[in-house]
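Notes for the one structure printed next.
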Amino acid sequence: MSDPESPKTESIYRGIAVSPGVARGTIYVYRPHEDVIERRSVRDEDVSGEFVRLEQAVIKTRQQLIEIPQRLGKEMGDDKPGIFDAHLLVLDDPMLMEQVFKRLKTEKLNVEFILSEVADQYTQALARLEDTYLRERAADVRDVSRRILRNLMGAEHDELQRLPGPRIVLAADLSPSDTALMDRAKVLGFATEMGSRTSHTAILARSQGIPAVVGLHEIGRQIASGQEALLDGYTGLLIVNPTKQTLYEYGQIEIRWHSIEERLRQLRHEPACTRDGCAIRLGSNIELEEEVQMAIEHGAQGVGLYRTEFLFLNREGFPTEEEQFAAYRNVAVAMKPHEVIIRTLDVGGDKILHGSEHSREANPFLGWRGVRFCLDQPEMFKTQLRAILRASAEGNVKMMYPMISDLQEVKRANELLNICREELRREGKPFSDQMEVGLMIEVPSAAMIADVLAEHAAFFSIGTNDLVQYSMAVDRGNERVAHLYEPAHPAILRLIKNVVAAARARNIWVGVCGEMAGDPIMVPLLIGLGVNELSVSAVALPAVKYVIRSLTMPEAQSLAEQALRCGTAGEAVVLLEAFIRSAAPDLVELVKPEKSPQ
Ligand code: PEP
Ligand code: MG
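In structure tokens form, the structure reads like this:
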């Protein structure tokens with residue numbers, strides 16, 4: 013790597029390619045407000061203005077802390093003092109504010125700076141105490157002071173919506189909520205230090221067609237806003253100050269990529285059938301209502317996974333039934349007569365609700381996530397179930413529950429669903445009685461009891477992103493262990509085989525909606541294992557269809573049998589790559605893109 017001090021020297025940084033495409037442009041280094049709080053002197057006559065600003069921010073904070081739990085529903089804090097009650101206590105604690113007022117008077121600095129310093133000192137002092145209760149209050153003080161700071165400095169993270177022009181965004185990390193908020197017209201691409209291929213931020217970048225590279229360790233400090241760069245989302249490179257030669261070489265490589273992509277796009281209205289005539293259902297995954305058009309343009313024959321949680325992020329409180337109904341109905345109508353599988357809310361893990369207790373979990377992926385969160389908040393859950401049921405009257409809607417780990421969860425969710433059906437019937441609101449209800453199989457316990465669960469499901473959709481993370485104990489968002497994340501691991505193949513066998517025994521169909529389904533080399537394997545449906549991001553659709561059309565079912569089955577006999581993922585990948593090379597040689601360039609310029 014070249015000397016980062018020398019601004020005009022080309023520097024190449026290697027990360028994980030997560031969303032295809034090449035972006036060229038100026039870098040914008042994104043550091044959320046709280047990290048960089050400016051220190052400014054304030055004139056004597058302006059000090060009283062700082063007091064007023066602080067008072068107004070505190071009033072606004074108080075209103076939010078009272079309103080949010082009301083909107084989130086009562087369950088959140090009925091039997092124990094909720095997080096918001098604890099935050100109100102911090103706000104009423106005279107110590108914190110008195111210190112801020114005192115320092116404001118004597119030091120005459122901007123109030124954000126003083127508040128952040130006082131809160132830091134206070135938090136550190138609490139964290140050192142022996143008393144567990146008081147030690148835990150440190151997190152409350154930090155959360156409340158951040159909320160006041162956000163209210164002082166304007167909307168949180170709205171930087172990404174107000175970029176000075178088209179930019180390549182560089183950040184230590186971006187949450188799925190940050191990514192959903194990005195101004196698509198100005199974000200040319202993004203690069204992060206953290207993250208991996210199946211993190212929701214990466215998934216969202218792919219569905220929005222934003223080139224992205226993640227896992228670029230500790231590059232933030234070496235790169236500044238304003239530097240020119242080229243971001244290669246095909247092979248995972250960030251090239252700062254690219255030379256003319258690099259730009260030229262990339263131009264050539266891009267032309268080739270585009271011509272392959274164009275050839276694949278021509279297949280978009282062809283059926284997803286194997287050479288010997290077996291039809292595979294090929295749907296698209298979407299996160300936002302708007303993405304349905306892109307899915308249709310890429311040839312989707314339905315939506316195999318609609319991740320509804322993005323309706324719930326970046327806002328205070330939950331969306332109303334009408335809001336949800338409108339979004340679900342629009343997608344169902346746009347896709348008609350094809351199916352739309354709406355997944356019930358799957359927040360938690362890396363998808364954090366604004367102001368929720370999720371942010372305090374030590375192991376969020378093992379915590380209050382998906383159907384667990386919903387079953388604990390029946391009123392919120394029922395609002396969504398009612399909206400989905402109502403949308404089922406408008407199109408070919410199916411529904412599935414995420415994160416199922418036990419039969420009891422299915423039964424409890426279905427009880428609530430029945431209550432919603434009764435309510436809607438009484439209210440005279442239409443819905444389809446035939447709406448199929450399926451289960452996501454993404455927790456190993458569910459895969460192991462697939463035979464039991466199959467009796468209670470109209471279909472299974474295997475969520476390999478989570479199934480791999482939970483089976484192999486590899487955090488799907490952690491770039492340090494990304495190399496250990498192996499969808500072709502024998503354990504995963506056996507679990508999938510078990511799920512397919514259980515589904516067949518009950519005559520229900522099985523899909524795969526994790527990122528594994530969008531990887532061309534995995535497609536023959538999944539089909540050979542007996543999967544009936546694949547749901548992938550829109551950009552992956554053409555290549556997946558190409559692969560399906562290049563093989564026969566007996567070939568895929570024999571490949572799957574061989575892969576199941578492999579002892580390691582590495583051995584299986586060698587087989588899968590060899591298969592693609594012979595079945596779909598034209599595609600090899602996309603599967604293993606030519607080496608990028610160095
Ligand atoms: C999965 O886990 O594979 C899946 C499709 O769901 P998500 O990526 O939203 O967790
Ligand atoms: Mg999942």
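So the numbering used here is basically just the index in the sequence shown, starting at one, shifted up by 12. We treat Cβ as the ideally placed atom computed from N, Cα and C, and that holds for glycine.
I'd like to confirm something about D97: is its beta-carbon nearer than 7 angstroms to some heavy atom of the ligand PEP, or not?
no
Report the option in R65, D143, I160, L141 whose CA atom is closest to the CA atom of L100.
I160
Can you pull every residue whose C-beta falls closer than 6 angstroms to some heavy atom of the ligand MG, listed in chain order?
P414, E454, G475, N477, D478
Leaving out five residues before and five after G238 in sequence, what residues of the same chain have Cβ atoms less than 8 angstroms from its Cβ?
T38, I39
Counting pairs of beta carbons, one from the segment 399–410 and one from the segment 343–359, are three or more of them closer than 8 angstroms?
yes
What separation, rounded to the nearest whole angstrom, lies between the Cα atoms of V63 and F125?
This sequence places Phe at residue 63; Val is not what is there. Cα-Cα distance, rounded: 13 angstroms.
Out of N122, Y25, R26, A403, state which residue places its alpha-carbon closest to the alpha-carbon of S60.
N122
Can you tell which of Q234, Q336, D104, E129 has its C-alpha closest to the C-alpha of R115?
E129
Going by DSSP in three states, Y482 sits in which element: helix, strand or coil?
helix
In three-state terms, what does DSSP make of V543?
coil
From S457 to R154, what distance separates their C-alpha atoms?
37 angstroms
For the candidate residues E454, D195, V226, whose alpha-carbon lies nearest to that of Y25?
V226
Between the CA atoms of M415 and V422 - distance to the nearest angstrom:
10 angstroms
Near A98, which residues of its chain fall below 7 angstroms by C-beta distance, leaving aside the five closest residues on each side in sequence?
D152
Taking the alpha-carbon positions, what's the V156 to L186 distance?
22 angstroms
Relative to the C-alpha of R384, which residue among L397, R398, R140, A425 is closest?
A425
Give the secondary structure of K363 by DSSP, where H, G and I count as helix, E and B as strand, and everything else as coil.
strand
My output table needs one value for I222: the three-state DSSP class, helix, strand or coil.
coil
Cutting at 6 angstroms between CB atoms, please list the residues of its own chain near A568, excluding the five before and the five after it.
P536, I539, G540
Between S208 and A214, which are expected to be in contact by the criterion C-beta below 8 angstroms, what is the C-beta distance as a whole number of angstroms?
7 angstroms
Using DSSP with H/G/I as helix, E/B as strand and the rest coil, what is G37?
strand
Less than 7 angstroms separating the Cβ of C525 from some heavy atom of the ligand PEP?
yes
Counting contacts by CB-CB distance shorter than 8 angstroms, is L216 in contact with chain C?
The structure shown contains no chain C, having only a single protein chain.
Look up K120 in the DSSP assignment and say whether it is helix, strand or coil.
coil
Can you find the residues in the same chain that come closer than 7 angstroms, C-beta to C-beta, to L200, ignoring five residues on each side of it along the sequence?
A35, G37, P178, R179, I180
Please look up how many angstroms separate the CB atoms of T395 and E333, rounded, as I've assumed it's under 8 angstroms.
5 angstroms
Please give me, in chain order, every unbroken run of the alpha helix (DSSP H) with length at least 4 that falls completely inside the segment 561–591.
565–576
Here's a check: name, in chain order, each residue in its chain whose Cβ is nearer than 6 angstroms to the Cβ of E498, leaving out the five neighbours to either side.
A581
Is H212 near the ligand PEP, in the sense that its beta carbon is under 7 angstroms from a heavy atom of that ligand?
yes
Separation of R402 from V30, as counted between CA atoms:
36 angstroms
Alpha-carbon spacing of E302 relative to E57, whole angstroms:
50 angstroms
Same chain only: Cβ atoms within 7 angstroms of E230, ignoring 5 sequence neighbours per side:
E205
For G526, which residues in the same chain have their Cβ closer than 6 angstroms to its Cβ, ignoring the five residues on either side in sequence?
G475, T476, N477
Taking 7 angstroms as the cut-off, is the CB of R319 close to at least one heavy atom of the ligand MN?
In terms of ligand content, the structure shown lacks the ligand MN and carries the ligand PEP and the ligand MG instead.
Could you please give the first and the last residue of the uninterrupted beta strand (DSSP E) stretch that includes L6?
With the chain represented from 13 up to 610, any question about residue 6 goes unanswered, as that position is not in the structure.
Does the distance from the CB of T73 to the CB of L103 come in under 8 angstroms?
yes
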